[in-house]
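There are 2 protein chains.
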Amino acid sequence: MQINPDRFLSDLHRLRGFGASGVGKGVVRPAFSDPDIAARDWLAERMAEAGLTVHHDPVGNQFGLAPGPSLLVGSHSDSQPEGGWLDGALGVICGLELARASAEAGGPAISVANFQDEEGRFGVTTGSTIWSGALSLDQADTLTDRDGATFAEARGAMAHLAGGFVDPAQFTGFIEVHIEQGPWLFEAGEAAGIVTDIVGIRDMRITFTGEQNHAGTTPMHRRRDTFQGLAAFAALLNERFQNVVTPQTVWTTGHVDLHPGAHSIVPGRCTFSMQWRDGNGDRLARMEAIIRDTAQEVADARGLGLEYGTLLGLEPVDMAAPLREALAGAAEQVCPGRWRRMQSGALHDAANVAKLMPAAMLFVPSINGISHDFAEDTDEADLIIGMQVLAQAVADLR
Amino acid sequence: MQINPDRFLSDLHRLRGFGASGVGKGVVRPAFSDPDIAARDWLAERMAEAGLTVHHDPVGNQFGLAPGPSLLVGSHSDSQPEGGWLDGALGVICGLELARASAEAGGPAISVANFQDEEGRFGVTTGSTIWSGALSLDQADTLTDRDGATFAEARGAMAHLAGGFVDPAQFTGFIEVHIEQGPWLFEAGEAAGIVTDIVGIRDMRITFTGEQNHAGTTPMHRRRDTFQGLAAFAALLNERFQNVVTPQTVWTTGHVDLHPGAHSIVPGRCTFSMQWRDGNGDRLARMEAIIRDTAQEVADARGLGLEYGTLLGLEPVDMAAPLREALAGAAEQVCPGRWRRMQSGALHDAANVAKLMPAAMLFVPSINGISHDFAEDTDEADLIIGMQVLAQAVADLR
Chain A
1 MQINPDRFLS
11 DLHRLRGFGA
21 SGVGKGVVRP
31 AFSDPDIAAR
41 DWLAERMAEA
51 GLTVHHDPVG
61 NQFGLAPGPS
71 LLVGSHSDSQ
81 PEGGWLDGAL
91 GVICGLELAR
101 ASAEAGGPAI
111 SVANFQDEEG
121 RFGVTTGSTI
131 WSGALSLDQA
141 DTLTDRDGAT
151 FAEARGAMAH
161 LAGGFVDPAQ
171 FTGFIEVHIE
181 QGPWLFEAGE
191 AAGIVTDIVG
201 IRDMRITFTG
211 EQNHAGTTPM
221 HRRRDTFQGL
231 AAFAALLNER
241 FQNVVTPQTV
251 WTTGHVDLHP
261 GAHSIVPGRC
271 TFSMQWRDGN
281 GDRLARMEAI
291 IRDTAQEVAD
301 ARGLGLEYGT
311 LLGLEPVDMA
321 APLREALAGA
331 AEQVCPGRWR
341 RMQSGALHDA
351 ANVAKLMPAA
361 MLFVPSINGI
371 SHDFAEDTDE
381 ADLIIGMQVL
391 AQAVADLR
Chain B
399 MQINPDRFLS
409 DLHRLRGFGA
419 SGVGKGVVRP
429 AFSDPDIAAR
439 DWLAERMAEA
449 GLTVHHDPVG
459 NQFGLAPGPS
469 LLVGSHSDSQ
479 PEGGWLDGAL
489 GVICGLELAR
499 ASAEAGGPAI
509 SVANFQDEEG
519 RFGVTTGSTI
529 WSGALSLDQA
539 DTLTDRDGAT
549 FAEARGAMAH
559 LAGGFVDPAQ
569 FTGFIEVHIE
579 QGPWLFEAGE
589 AAGIVTDIVG
599 IRDMRITFTG
609 EQNHAGTTPM
619 HRRRDTFQGL
629 AAFAALLNER
639 FQNVVTPQTV
649 WTTGHVDLHP
659 GAHSIVPGRC
669 TFSMQWRDGN
679 GDRLARMEAI
689 IRDTAQEVAD
699 ARGLGLEYGT
709 LLGLEPVDMA
719 APLREALAGA
729 AEQVCPGRWR
739 RMQSGALHDA
749 ANVAKLMPAA
759 MLFVPSINGI
769 SHDFAEDTDE
779 ADLIIGMQVL
789 AQAVADLR
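So the sequence lines, in the order shown, correspond to chains A and B.
Residue 1 is where the first sequence starts when you use the working numbering, and the numbers rise one by one after that.
Residue 399 is where the second sequence starts when you use the working numbering, and the numbers rise one by one after that.
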């Protein structure tokens, strides 16, 4: 099968016209926003032109369906509040171009998926999570965004398009093309990454409670200072993780709130975020045990109270071997020696779809590892290589 | 001279009626608020009844002036947004009762001071700072509170009362009675603290700048994580201070701001407050050098940028020996063995007034060391002892 690079790149650039940020190639296209819905309407036309039957489900997931059994290929066209032009949009256009090229070549049958709210305006990969059955529609409808709008209200904006949920049984598998979002491929000068697995995530809030006091009159030995507790916790945790983690393991505290937050008051309460990711479920559990033991030890030593928020847990997901190896074989044909097998440190729709059918992912390089930023970009030669690897893999699967 | 404990306590309780919080004995009486001005109007009547000439200066400082040379005694009646009933109000009523008792005893001449905005709605000990000459009226007028109101606007609420600034040359000295705000006297079961000096304060914001990144796809070795920088800085600082500090030295980080403050984003910027206090100017300077060296070392080791905000510097202030020793001698007469010499870890109006005349301070115990809280309190027996120590010291000064 022959892909059409010009048609592929042209559609990719036309798509970034919806919600264009005016800064570089960036886009502002959050789920269910006017630009997001306009982009999906335009994509629906492209899918129809490709001979696909357009279908929207009740939560805004968009499909271009081929008749009979087919391979599903796609990603998501919604973006972060300050998003890049590729991210999930690349995977959707890859699916569209593959469907066109495959139809021109007489098969195989390709359907296209464009999931809704992957970027988590409401939940986390909301649309594909609901489709996979991991989140009920009733639960989802109560989710709110930062401005207090509910998912129920938001999906109302696409209600006029909505049919039922698509039966996953018609799909033989799912392939998602996405930018890496990390630095590995770019720094190695490689063109393709074959995802072995999508890492699991653990995320929770931790709160130390101490005693709010005057920063001038309270002697150090008498303080129950929650900031000092946080600093001690973070330092101990880094030491104790060393014997457990791999070079791919990551852990992050991205939010800290000290109360009352004044220069002259010893903070009586400190709430902070603790998130860790790894491809191995046992390692995630060992890290959780270390986190809880260390926090308790710090609290006991300093006379602090300790509270935990809800633990968000997403399990690691292995990619399906047949699809994964077809992508690997195709990469070796298209860009020999310039590809690698790698983990996905970011969550993707494929992690949800894997609950319904065999799923695999293909990464292209992110320049300087930048994503979720207007500056996000990938060399167009690498975009074309990614498209060719996808097409070759699908051809080889026959 | 004989003080009148009932009259003293009665006025103290009447004063807490202005801006009563309804929670315990707490008050809400910020500088220039309606309750603050009403309290000052009521105090003006008490001063006049005591035979003093009431005078307000352009910045809301209130005086009850005795004719000729006099000893100035007082503090401030404004409170924190959530303040205790004593704090500075105690010192003002002590001055009032002393003026009455002294007049009844035929002298010595006592004037009363009630400074404005000691609690720093606008600056830091604003009223007495301006009177001391350390801050010009023009500079002060541009200061704003949390809601953006300017000092110029606020002092307009007392403009109808305002005369000129009072000539400090008429005062032979200044004595301020205040609650300790710390735990030392209460824990030792002592009744009086004779302040040897008011500690100096250094305060600045420190900002680490790194690289904002995806918390899933950015490997640890490639991160420039400003939270990790803060944690490393805090841990190193505690170690390095050990050889420099005394049991009275304190240092505090009460505010931390991570940007953008999301669970899934490596924080690219961290701004935090660093405040340290000590009675010795050289030690404050040594601590500053350690702070700057340690921050630079952490920044260099982690590839972070480093910026400092304005350094607020208040020098330590020694209390005047003659007044201080008169208070010490009186304490030994009134509560033998139940008093101590001690530092003030908190800033007070006396630190400013000391630039104009000999100044001294007397502390009474704070139950559980609590202050700037509705729960702030002191045993009334200890309040009376404090009043008696003040009166005895003034009598002995003749």
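The C-beta atom is built at its ideal place from N, Cα and C for all residues, glycine as well.
Since the structure is predicted, the reported quantities are computational estimates derived from the model, not experimental observations.
- Under the Cβ criterion (8 Å, minimum of three pairs), the segment 655-670 of chain B does not count as touching the segment 288-300 of chain A.
- Interface criterion met: the Cβ of Phe625 (chain B) is under 8 Å from a Cβ in chain A.
- For the 8 Å CB-CB criterion, Asp794 (chain B) and Ala748 (chain B) do not form a contact.
- Boundaries of the alpha helix (DSSP H) harbouring Arg40 (chain A): 34-49, taken from the DSSP string.
- DSSP, reduced to helix, strand and coil, places Trp85 (chain A) outside both helices and strands of the structure shown, so it counts as coil.
- By the beta-carbon neighbour count (other beta carbons within 10 angstroms, threshold 16), His453 (chain B) is buried.
- By the CB criterion at 8 Å, Leu488 (chain B) and Ile577 (chain B) fall inside the cutoff.
- Listed along the chain, the chain B residues whose CB falls inside 8 Å of the CB of Val199 (chain A) are Gly614.
- Only exposed fits Ser408 (chain B), as fewer than 16 other CB atoms lie within 10 angstroms of its CB.
- Chain-ordered, the chain A residues with CB closer than 7 Å to the CB of His770 (chain B) read His214.
- The segment 372-392 of chain A makes no contact with the segment 639-655 of chain B: fewer than 3 CB pairs, one atom from each, lie closer than 8 Å.
- Scanning the segment 502-584 of chain B from its first residue to its last, the whole beta strand (DSSP E) runs of 3-plus residues come out as 508-513, 569-577.
- Under the three-state reduction of DSSP output, Leu397 (chain A) falls in the helix class.
- Between Val353 (chain A) and Phe174 (chain A), the CB-CB gap stays under 8 Å.
- In this structure, the CA atom of Asp595 (chain B) is about 48 Å from the CA atom of Met618 (chain B).
- Ile370 (chain A) and Asp545 (chain B) have their C-alpha atoms spaced approximately 39 Å apart.
- When 8 Å is used as the limit between beta carbons, Glu180 (chain A) is near these residues of chain B: Thr615, in chain order.
- Under the Cβ distance rule, His558 (chain B) does not count among the residues neighbouring chain A, no pair being separated by less than 8 Å.
- Collapsing the DSSP output to three states places Ile401 (chain B) in coil.
- Taking 8 Å as the cut-off, the beta carbon of Ile265 (chain A) is found closer than this to the beta carbon of Gly652 (chain B).
- Against chain B, the beta carbon of Gln248 (chain A) has neighbours under 8 Å at Pro617, listed in chain order.
- Taking Ser344 (chain A) as reference, the option from A:Val250, A:Ala299, A:Pro322, A:Glu380 with the minimal CA-CA separation is A:Val250.
- The three-state secondary structure of Leu347 (chain A), taken from DSSP, is coil.
- Thr607 (chain B) sits in a strand when the DSSP states are folded into three classes.
- Close to Ala773 (chain B), with beta-carbon spacing below 8 Å, lies no residue of chain A; the smallest spacing is near 11 Å.
- Counting only the Cα atoms, Phe208 (chain A) lies some 15 Å from Leu237 (chain A).
- Shown here, Met274 (chain A) sits in a strand according to DSSP, grouped into three states.
- The CB of Arg29 (chain A) never comes closer than 7 Å to any CB in chain B; the least such distance is about 18 Å.
- Per DSSP, Ile592 (chain B) is one residue of the beta strand (DSSP E) stretching across 590-596.
- Taking 3 residues as the shortest admissible run, the segment 453-481 of chain B contains the following complete beta strand (DSSP E) segments, listed from N- to C-terminal end: 460-463, 468-474.
- Exclusion of the five residues before and after Asn213 (chain A) leaves Val266 as the residues of its chain whose Cβ lies within less than 6 Å of its Cβ.
- When only Cα atoms are considered, Asp41 (chain A) and Ala192 (chain A) end up about 30 Å apart.
- With a threshold of 8 Å between beta carbons, Asp203 (chain A) makes contact with chain B.
- Chain A has a Cβ within less than 8 Å of the Cβ of Gln673 (chain B).
- Of all residues in the segment 71-102 of chain A, none is placed with a Cβ closer than 9 Å to any Cβ belonging to chain B.
- The three-state secondary structure of His770 (chain B), taken from DSSP, is coil.
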